[in-house]
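A.B. asks: In our numbering, the protein residues as written are 484 to 1464. I have a structure here, written as structure tokens, and I will follow up with some questions on it.
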């Protein structure tokens, strides 16, 4: 028997209710659960029983109070996963974007083939912005697959972000996973055909062997993270790695129909030509167009967005050209970083060891200089390794002194530089972070030299502990001060042995009952490159769990630079200590950016930089590089990278001076000719880069989308899906009615809730979300107004899983009059109030719409939902209909006196019996909504006629009346039963 149900119809099958989807055939129904997502779609064959489903009319005896209508509306809207508005994905994703994060999405929707360079400042949310575009394009059918190209260290974080926030499951394609994935392929099948959504290691896929297959089968949407690492300036010799990355992207970008999103906070990297090469990947003509001309700027504005925090800290205000601040959004970035440079001096024993090491290194460099260029470069890199590790810690020094130099096996001077530079310099290239925190080797020979290094290693091993390692002693002092002020710091080190040494010296040891110097309630753990990216996240979670919720407990994380990119730590930490100075100041900014970003609750992030006053290196690096970088960032509001070759030139001059003249003459370094030339060149080029960045931020400010356009869409989204204020009211009133215990400022601020006394059904629904232990032990669940919440907290937004579980429970209880326990929302109610002067009826109506959305892959037929409040005064047959904003105001009406239950039931019975008289109005209103939705879809795609050709929206009839609520003026409650009011 063939099915006869039309798309959009409600049917009942398998014990639940479903919406019939357009993909259905006469012999196959394709169904989505009512209120469910596309992940829950099922197919039903003709032999299964299917019947038409309609909502049973509200029961007049099941009356709710003054809150019933608002709670039911919110519970219904929270459950929507297929909104009818122009943003198809927003109803179904698990993140509530800030208004400013919608700007790149609006820009993308105006392009037939999306090509964008997203260069917002660190911590603003570029991953969210790219994810919004990707999820929307996949939902609309404009893209059928997604590839994210990123560093292997960031791959698992991208996978987690896409899955948890956007519902996109993507396979990891890394050197460590590709063999397993390829074993599951059919003969001749490409990995990228089998898995439509992938997260790919850029460095793995860039090799010609893998690149060609990827380019042939590449998905039609590609996101490139840290895109600046894939291009180089024309006047510098790009590394072989950078050239391979650029060739990969050039070939990906050659396909004119491929969507491409380039993401980076540093598009310039100090060089204008590098910026041009990056733009050329977005759109070839941008590489050559005159960006000083109006035509050039307009072309760039369609594809480039770059904003500082100051640009978005307050958004959609009157200062942005809006009429009022009703939609104003204030994003709580930390207002500033508090910098403090703290010095320490070497102990006599440590100073003697350093002097011996400098003398040894100087001898080796001088001796090797006469043996040939290869030997000279090997000795040079060994000397730098020795000096840097000694300045770092006794543990790093001991390991370096007993480890063979990576450069020692080089066959040429060039190879020695290639092997030695990555381990001894601090390039800003994030792809170079993996594996770069190992202690470098200094040993290059056998015999007497090896014996001397072993002696130095023994001496270094004897210097462990705060008594002789005064750098460690200074760290303990500053950590105690931070902890006393309530801060939870991250201590960044250069080398793995240093991080492990600090953790050993600082942590409490329960087994030996050794108490560390930071107090019994301070938990210390180390994260280094020895751990995989996933293990690093697990270690941080362990630290947070072990510290617990005790207000007196503190967390201290010791980390190498394996955490200076990618992993966001703002929820657990709020201060940074630079234990080892990086020789490229961009690395300091990367470290600080892990905690100084959106979601950080501290208004002031503290940064302490430890430097040696008398080790011959730190003071110069701090003065010439670190402080200069800070000043530029303070002046511009953003970080400007110093070219790697210039910072290396300065640090080389410092090391060379130290080897030639020792520590005693270090003050004369600043007047030395070679150093002055290098320093002046650095400052000149750096200042030029900063000025170019300042001008570009001004010239190329995001102007293609006006704040008024964003405001219009934000208002539309909030109208359809609800805003923060509505969700706060819903959570507060629902949990209160369900016997939850609320503490804190539930009306305006953050608050907590215990749900141990709520119905079992709600507790069961919350357990998978917050953890069974939280429910079993009736622990408090923190609710935050800020959407950026830490693990174990709930955000007061519709997409939060805790809010979703609560809404589902409230909605199900409202629809089931036999449900056990409290039922905060009801489908009808009679309220006596001073808010009306004549009898007014409020209806909660659900509409379903058929959408025809054109896309490059053909037309897509979709069914979407919307809920509206409609109200009329008087009798249904000739009622006076109110404006939508007047209907919404009724939700705020409060009862001025009790309504007699019998009178209320009689009134409700009479109104429900007359509701068929409003059917024509509801249908007409549905048609009007369809016209408005059609216009909204066309508006956000206004730049291309091809994108909107064939677009249509029609309303499914009849609409469903989910709730009916009668508001009576106070005098009406006294009217005898049976008399018309």
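Every residue, glycine too, gets a C-beta built ideally from N, C-alpha and C. Note that the structure is predicted; figures quoted are calculated from it, not measured.
#1: By DSSP, does residue 594 sit in helix, in strand, or in coil?
#2: Could you check if residue 682 is buried or exposed, using at least 16 other CB atoms within 10 Å of its CB as the buried criterion?
#3: Near residue 1057, what residues of its chain come up, given a Cβ to Cβ distance below 7 Å and the 5 sequence neighbours on each side ignored?
#4: Using alpha carbons as the reference points, say which of 1226, 1335 and 1352 lies closest to residue 1421.
#5: Can you tell me the Cβ-Cβ gap for residue 1350 and residue 559, rounded? I've got them flagged as a contact below 8 Å.
#6: Pop quiz: residue 1237 and residue 1261 are said to be a contact at Cβ under 8 Å. What is the actual Cβ separation, rounded to whole angstroms?
#7: Using the C-alpha atoms, what's the distance from residue 780 back to residue 771?
#8: Out of 919, 939, 1379 and 1061, state which residue places its alpha-carbon closest to the alpha-carbon of residue 1011.
#9: May I ask you to list the residues that DSSP assigns as paired with residue 1032?
#10: Does the structure place the stretch 499 to 519 close enough to the stretch 1355 to 1370 that three or more beta carbon pairs sit under 8 Å?
#11: May I ask you to verify whether the stretch 1040 to 1052 touches the stretch 972 to 991, counting CB pairs closer than 8 Å and requiring at least 3?
#12: Given that a residue counts as buried once 16 or more other Cβ atoms are within 10 Å of its Cβ, and exposed if not, what is residue 1005?
#13: DSSP on residue 914, reduced to helix/strand/coil?
#14: Distance, Cα to Cα, residue 973 vs residue 1114?
#15: Does the distance from the CB of residue 1446 to the CB of residue 1325 come in under 9 Å?
#16: Can you give the Cα-Cα distance for residue 1291 and residue 1051, rounded to whole angstroms?
#17: Please check the pair residue 1220 and residue 1316, which I expect to be a contact at CB under 8 Å, by giving their CB distance rounded to whole angstroms.
#18: For residue 1382, count neighbouring C-beta atoms within 10 Å of its own C-beta (all shown protein chains included) and say buried if the count is 16 or more, exposed if not.
#19: In the structure shown, what three-state DSSP assignment does residue 1045 receive?
#20: Note the first and the last residue of the continuous beta strand (DSSP E) segment covering residue 501.
#21: If you drop the 5 nearest sequence neighbours on each side, which residues of the same chain put their C-beta closer than 8 Å to that of residue 952?
#22: Beta-carbon within less than 8 Å of residue 1453's beta-carbon, same chain only, minus the 5 sequence neighbours each way: which residues are those?
#23: Which of the three DSSP states, helix, strand or coil, is assigned to residue 1295?
#24: So if DSSP puts residue 971 in a beta bridge, which residue, or which two residues, is it bridged to?
#25: Where residue 1467 and residue 761 are concerned, what is the direct C-alpha to C-alpha distance, given to the nearest angstrom?
#26: Can you check the stretch 1259 to 1338 for any alpha helix (DSSP H) of at least 4 residues that lies completely inside it and give the ranges in chain order?
#27: List, from N- to C-terminal side, the beta strand (DSSP E) runs of 3 residues or more that fit wholly inside the stretch 672 to 750.
#28: With respect to the alpha helix (DSSP H) encompassing residue 1091, which residues constitute its N-terminal and C-terminal limits?
#29: Where do the ends of the alpha helix (DSSP H) carrying residue 1355 lie?
#30: Can you tell me whether DSSP reads residue 1445 as helix, strand or coil?
#31: In angstroms, rounded to a whole number, what distance separates the CA positions of residue 1098 and residue 843?
#32: For residue 861, which residues in the same chain have their Cβ closer than 8 Å to its Cβ, ignoring the five residues on either side in sequence?
#33: Would the beta-carbon of residue 512 fall within 9 Å of that of residue 488?
#34: DSSP has residue 534 in a bridge; who is on the other side?
#35: If you check the beta carbons only, do residue 635 and residue 696 fall under 9 Å apart?
#36: For residue 1201, name the three-state secondary structure that DSSP assigns.
C.D. replies: Reading off the structure:
#1: coil
#2: buried
#3: 970, 971, 1078, 1083, 1085 and 1088
#4: 1335
#5: 5 Å
#6: 5 Å
#7: 12 Å
#8: 919
#9: Paired residues: none, contrary to the question.
#10: no
#11: yes
#12: buried
#13: Caution applies to residue 914, whose pLDDT of 47 falls short of 50 and renders its modelled position unreliable; the value that the coordinates give is listed next. Correct three-state label for residue 914: helix.
#14: 23 Å
#15: yes
#16: 31 Å
#17: Incorrect: roughly 19 Å between the Cβ atoms, too far for contact.
#18: buried
#19: helix
#20: 499 to 503
#21: 830, 833, 876, 877 and 946
#22: 1315, 1316, 1317, 1379 and 1380
#23: helix
#24: Residue 971 pairs with nothing; no bridge assigned.
#25: As shown, the chain starts at 484 and ends at 1464. That puts residue 1467 outside it, with no answer to give.
#26: 1284 to 1298
#27: 680 to 684, 704 to 708 and 742 to 746
#28: Premise fails: residue 1091 lies in the beta strand (DSSP E), 1087 to 1095, not in any alpha helix (DSSP H).
#29: Unbroken run through residue 1355 is the beta strand (DSSP E), 1343 to 1356; no alpha helix (DSSP H).
#30: strand
#31: 16 Å
#32: 851, 888, 890, 891, 893, 899, 903 and 927
#33: yes
#34: 495
#35: no
#36: helix
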